[in-house]
Structure formats: structure tokens, C-alpha cells
Amino acid sequence: MTKAEKALELFANNFNCSQAVLTAFAPDFGLDEKLALMLGTQFGGGARNAEMCGAVSGALMVLGLKYGHFESENNEQKSRAYAIATEFTKRFKERNGSIVCRDLLGYDLTKPEDSACIMEKNLFRTVCPEMIRSAVEVLEGVMADFE
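Take any residue in the sequence shown, note its place counting from 1, add 160, and you have its number in the working numbering.
Right, here's the structure in full:
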């Protein structure tokens with residue numbers, strides 16, 4: 161099963177976009193699946209504020225696991241981690257037009273009238289899976305390029 165397929169399976173099983181992306185990669189870093197699911201919980205739906213797409217947040221957490229800054233005096237490590245995150249968000253935005261949940265959905269889930277439209281149009285089941293797939297594919301490309 162590919163990472164994208166795993167992420168989409170998780171999403172189809174009632175986990176949010178951030179949980180799906182982060183958890184699909186968790187075994188690669190020795191991160192327990194339950195812990196990954198718990199960690200990603202608060203980031204779905206743009207942190208429930210229609211801000212940064214949860215799939216993007218999940219991917220950024222994966223990049224943190226792979227390239228994260230953990231030595232306080234190592235500014236080179238920190239700069240590289242930030243550059244990789246910037247490259248990911250740039251590529252995702254180029255591919256999808258935005259990294260912001262409300263822009264990607266076309267509606268702001270924090271507004272009751274918009275939330276009703278999202279549900280009526282089934283956008284969580286049409287748009288969000290495409291953003292999850294895109295986040296995983298861009299993430300895999302960025303990680304391959306920065307190996």
C-alpha cells in the first residue's frame with residue numbers, strides 16, 4: 161500500500177486530513193500510530209479554524225520528524241529544516257492554489273452557512289481526499305529531492 165493509499169484509507173475511516181497524512185508516515189520514524197493520530201487530531205480543518213490545510217500541517221510534521229531542528233546551537237540544521245518546509249508549502253501552493261483550508265474548500269467551515277454548504281456539497285469527501293493525496297505526493301517529492 162502506498163503512503164497516499166494509507167492516508168486516504170485513514171481519512172475514509174473517520175480520521176481527519178492531518179491525522180491521515182502524519183500517520184501514513186509514522187512507521188518510517190518509529191512513531192506509534194496511536195500517538196500520531198493523537199498528535200494530528202487538532203490540526204484537521206485548518207486547526208478547526210479553516211486556516212492552514214490539515215493535510216499540509218500533517219506533512220509539515222512529517223518533515224519535522226525527518227529534518228527537524230533538535231540541537232539548540234545548530235542554526236544550520238534549523239535553517240535547512242525551514243528551507244525544506246518552505247519548499248513543501250511552495251510546491252503544494254503551486255499545485256493547489258493555496259495552503260489555506262477555506263480557499264481550498266471554497267467555503268469557511270467556521271461560518272454556519274458555509275459549513276452547511278460544505279456538507280451539502282460533500283466537500284470533505286471530494287476536495288479533502290485530493291488535498292491529502294496532493295500533500296503526500298508533494299511530501300514524497302520534497303523528501304526525495306532533499307535526500
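Glycine included, each C-beta is placed from N, C-alpha and C at the ideal position.
Item to check | Minimum C-alpha distance to L168 - residue among E307, V302, D305 and E297 | outcome: Locating residue 168 in the sequence shown gives position 8, counting from the first residue. Cα-wise, what sits closest to L168 is E297.
Next on the checklist: By alpha-carbon positions, which one of A215, T201 and L225 ends up nearest to V260?
Outcome noted: For this step, residue 260 is matched to residue 100 along the sequence shown. Looking at the Cα atoms, A215 is the closest of the given residues.
Checklist entry - So what's M161 in DSSP terms, helix, strand or just coil? => result Taking the first residue of the sequence shown as 1, we reach residue 161 at position 1. In the structure shown, M161 sits in coil (DSSP, three-state: anything other than H, G, I, E or B).
Checklist entry - Is it true that the stretch 201 to 214 meets the stretch 231 to 239, where meeting means three or more beta-carbon pairs spaced less than 8 Å apart? => result no
Checklist entry - With C-beta atoms as the reference, is L299 less than 7 Å away from A180? => result As a working note, residue 299 is residue 139 in the sequence shown. As a working note, residue 180 is residue 20 in the sequence shown. No, they are not a contact pair.
Checklist entry - How should R293 be labelled, buried or exposed, when 16 other C-beta atoms within 10 angstroms of its C-beta is the threshold for buried? => result Your numbering for residue 293 matches position 133 in the sequence shown. So R293 ends up on the buried side.
Item to check | Residues that V260 bridges to, as DSSP identifies them | outcome: Within the sequence shown, the letter at position 100 stands for residue 260. For V260, which the question treats as bridged, DSSP gives the partners M212.
Item to check | Candidates L197, G228, N173 and F306: closest to R285 by CA position | outcome: In the sequence shown, counting from the first residue as 1, residue 285 sits at position 125. Checking every option, the nearest Cα to that of R285 belongs to N173.
Item to check | CA-to-CA distance, A164 to A243, given in whole angstroms | outcome: As a working note, residue 243 is residue 83 in the sequence shown. As a working note, residue 164 is residue 4 in the sequence shown. C-alpha separation (whole angstroms): 24 Å.
Item to check | Collapsed DSSP secondary structure at L269 in the structure displayed | outcome: Mapped onto the sequence shown, residue 269 falls at position 109. Residue state, collapsed to three classes: coil.
Checklist entry - Thinking just about the alpha-carbon of each residue, which of A210, G190, C213 and N176 is nearest to the one in M198? => result Taking the sequence shown and counting its residues from 1, one reaches residue 198 at position 38. Closest by alpha carbon: N176.
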